[in-house]
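Numbering (my numbering), first residue to last: 5 to 91. Here's the structure we're looking at; comments come further down.
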Amino acid sequence: MIQVKVITKNASNKLIFEEGKPWLKLKISAVPEKGKANAAIIEFLSKSLKISKSQIRIVQGETSNQKKIEIQSPTPHQILKSLQEQL
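So, in structure tokens, the structure goes:
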């Protein structure tokens with residue numbers, strides 16, 4: 005499970021690590037309406053982690069900019085390694 009703080013309507017999709025924060029910041033180009041931002045988050049993480057979208061689920065915060073996301077397939081070490089490559 006990872007925690008992300010989402011910032012929408014950006015020029016590009018990108019993941020940012022802020023030292024000392026309990027979450028990752030995720031900048032997404034999609035707008036937060038009709039699930040577009042949530043779909044973009046899942047798409048971005050799916051491509052970044054090289055896993056199926058069905059293995060990623062927003063478990064908390066569907067209508068909030070702070071979300072808890074469950075990633076089912078890789079080990080925590082693999083998730084961390086893949087996410088670090090995106091930073």
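Even glycine gets a Cβ: it sits at the ideal position worked out from N, Cα and C.
**Report entry** Beta-carbon proximity of Q88 to Q76, cut-off 7 Å
**Finding:** Not closer than 7 Å, so no.
Query - Cα-Cα separation between K54 and K85, rounded to whole angstroms - result: 12 Å
Query - Bridge-paired residues (DSSP) for K9 - result: K29, Q70
Requested in this report: Starting from K38, trace the beta strand (DSSP E) both ways and give me its first and last residue.
Outcome: Run containing K38: none; DSSP gives neither H nor E here.
Report task. Hey, could you find the ends of the beta strand (DSSP E) I20 is sitting in? Result -> 18-21
**Report entry** Endpoints, the beta strand (DSSP E) within which Q64 is located
**Finding:** 60-64
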